[in-house]
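Accompanying notes for the structure given below.
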Amino acid sequence: MEDFAGACLARKKDAEALLKLQDHNIAALHLGGISIECRLKSLLADYHSISEWDEKSRRKKDSMFNQQIHNPGHSLTTALRHMPELFKLAKSDQQLLKHLNCLIYPLGATSVDYIGLRYVDQASSIQRDEWKKSFDYVYGWLEKNEVRIG
Numbered sequence: 001m002e003d004f005a006g007a008c009l010a011r012k013k014d015a016e017a018l019l020k021l022q023d024h025n026i027a028a029l030h031l032g033g034i035s036i037e038c039r040l041k042s043l044l045a046d047y048h049s050i051s052e053w054d055e056k057s058r059r060k061k062d063s064m065f066n067q068q069i070h071n072p073g074h075s076l077t078t079a080l081r082h083m084p085e086l087f088k089l090a091k092s093d094q095q096l097l098k099h100l101n102c103l104i105y106p107l108g109a110t111s112v113d114y115i116g117l118r119y120v121d122q123a124s125s126i127q128r129d130e131w132k133k134s135f136d137y138v139y140g141w142l143e144k145n146e147v148r149i150g
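Numbering (full-length UniProt numbering), first residue to last: 1 to 150.
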């Protein structure tokens with residue numbers, strides 16, 4: 001399985017470096033979304049004690065125990081849903097859900113998702129600033145709640 005934890009940190013550094021440069025907002029938002037995707041995939045593998053996708057969950061007393069754990073692709077919400085204990089916490093935090101949605105759709109809910117940003121010309125500084133608040137919130141929330149994974 002890929003080194004999702006390492007990729008998460010590398011893409012986070014990339015996004016933060018790009019945010020400091022003028023006219024690189026789209027690349028920063030795109031890579032920041034990928035950073036969160038990698039973080040969630042790393043947590044998902046740890047949560048279910050798997051070393052490859054499609055292995056069965058080894059997390060006893062979990063509703064997904066003994067079920068195959070598939071790669072959630074680019075779906076941040078699917079990755080979160082496949083960790084029922086963490087998803088339950090997430091649903092009780094409306095701010096997290098709002099900020100997660102901002103990361104998924106950085107240019108607005110009716111626009112392209114963070115993966116589709118690679119085809120977009122530019123984002124405004126206002127969108128960048130709002131996105132950064134959401135990124136920091138979600139990243140911090142995941143760090144704070146990763147203790148529930150073990």
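Positions of the beta carbon are idealized from the N, C-alpha and C atoms, including for glycine.
Note that this is a predicted model, so its numbers are computed, not measured.
- In this structure, A10 keeps its C-beta atom at 7 Å or more from the C-beta atom of A28.
- Note: Q127 is not bridge-paired with any residue in the DSSP secondary-structure output.
- Minimum Cα-Cα distance from A123 among the listed residues S134, K133, G108 corresponds to G108.
- When the five nearest sequence neighbours on each side are left out, the beta carbons in the same chain lying within less than 8 Å of the beta carbon of L89 are those of N145, R148, in order along the chain.
- By the Cβ rule, the stretch 33 to 42 counts as touching the stretch 128 to 145, because three or more pairs are nearer than 8 Å.
- Taking C-beta separations shorter than 8 Å and ignoring five residues to either side along the sequence, the partners of P84 in its chain run D62, S63, M64, following chain order.
- Contact between C102 and S57 does not hold, since their C-beta atoms are separated by about 30 Å, which reaches or exceeds 8 Å.
- Counting other Cβ atoms within 10 Å of its Cβ, N66 stays below 16 and is therefore classed as exposed.
- About 7 Å separates the beta carbon of F4 from that of A45, a gap short enough to meet the 8 Å contact definition.
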